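Using UniProt numbering, the letters of the sequence shown map in sequence onto residues 1 to 238.
A short write-up of the structure that comes next.
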Amino acid sequence: MKTTMLEVDNLATGYGAVQALKGVSLHVDRGEIVTLIGANGAGKSTLLMSICGDPRARSGRIMLDGEDITAKPTHEIMRSGVAQSPEGRRIFPRMSVLENLVLGAQAAGQDPAQQLPRVFDLFPRLRERQSQRGGTLSGGEQQMLAIGRALMSRPRLLLLDEPSLGLAPLISRQIFATIRDLNEREGLTVLLVEQNANQALRLAHRGYVLVTGRITMSGSGAELLARPEIRDAYLGGG
Ligand code: ATP
């Protein structure tokens, strides 16, 4: 039976005079991978950040497993089991890989020693490079570290902002394969934002299209991939 994990209802938020989200409604069921696609500036990152409490909702509601988290501070939302791997990776560049990972667990009140073996098994490269400074990792390795750090908090909901940004196609496919694996093996629920609509919609069970702060379309990944208007706007007409 499907249970809704995340429910975003008519969410509006922004920055000063900028209205980035103008009444967004979507849901993510337990065990689902859901992708949000949209052009630059559509509000995709804002939506993920707003689920984590920053920027705060100006109106609307965000529910996690039936609990209203709209007004909760970010650290409490993280402790409720939401982890975000932000765009641009935002790892701590001067800290080692290991220190970055340990912080990911501690931020959510998890025991790092329990989570580390699992994350190292998923990303063996991080085990090899554990004493290297985060900032000296390659782009793909930093992305692995950002996702690994999010997983250290043992989230029930993983929010991923552009995991393939700036990565070579092979590395990007590996990252997508890892996300699929986590979903299939551990039932991890994922809300993913991507410019790479093709790969993301293939990976996702369902998707939403965000256009200047509003959802304009939704459907299964396959349905959205087949739509001519999606192909023209987000798949390079291919
Ligand atoms: P991209 O794919 O380019 O990352 P996006 O869909 O993630 O875009 P957002 O980053 O959510 O879009 O931005 C939505 C709107 O909010 C844009 O018009 C952007 O300029 C604006 N915006 C984002 N962050 C801020 C901020 N800190 N201050 C002011 N405006 C902001």
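Where a beta carbon is used, it is the ideal one built from N, C-alpha and C, also for glycine.
None of the values given here were measured: they were computed from a predicted structure.
- With a cutoff of 8 Å on beta-carbon distance, VAL193 and LYS72 are scored as not near each other.
- A buried status is given to SER50, since no fewer than 16 other beta-carbon atoms sit within 10 Å of its beta-carbon.
- Annotation: LYS2 is outside any beta strand (DSSP E) and is labelled neither H nor E by DSSP.
- Residue state for GLU32 is assigned as coil, using DSSP reduced to three classes.
- Judged by DSSP secondary structure, ILE69 falls outside any alpha helix (DSSP H); it is assigned neither H nor E.
- Taking the Cβ of VAL24 as the reference point, every heavy atom of the ligand ATP lies at 7 Å or farther away.
- Taking every residue with its beta carbon within less than 5 Å of a heavy atom belonging to the ligand ATP gives, in chain order, TYR15, VAL18, ALA20, ASN40, GLY41, ALA42, GLY43, LYS44, SER45, THR46.
- Between VAL82 and LEU47, the C-beta spacing is not below 8 Å.
- Between the region 175–183 and the region 93–106 there are fewer than three C-beta pairs closer than 8 Å, too few to call the two in contact.
- Positions of the beta strand (DSSP E) runs, each at least 3 residues long and wholly inside the region 82–110, are given as 82–85 in order along the chain.
- A residue is called buried when at least 16 other Cβ atoms come within 10 angstroms of its Cβ; ALA197 meets this threshold and is buried.
- Within its own chain, no residue has a Cβ closer than 6 Å to the Cβ of GLU67 once the five positions on either side in sequence are excluded.
- For MET144, the number of other beta carbons within 10 angstroms of its own is at least 16, and it is reported as buried.
- Leaving aside the five residues that flank ASP9 on each side, the residues in its chain whose CB is nearer than 6 Å to its CB run, in chain order, SER25, GLY60, ARG61.
- Out of ARG90, THR35, ALA42, LEU201, the CA that lies nearest to the CA of THR13 is found in ALA42.
- Under DSSP, ARG61 takes part in a beta bridge, and its partners are ASP9.
- Residue range 221–226 is occupied by the alpha helix (DSSP H) that includes GLY221.
- Nearest Cα to ARG214 within the set ALA20, GLN195, LEU6: ALA20.
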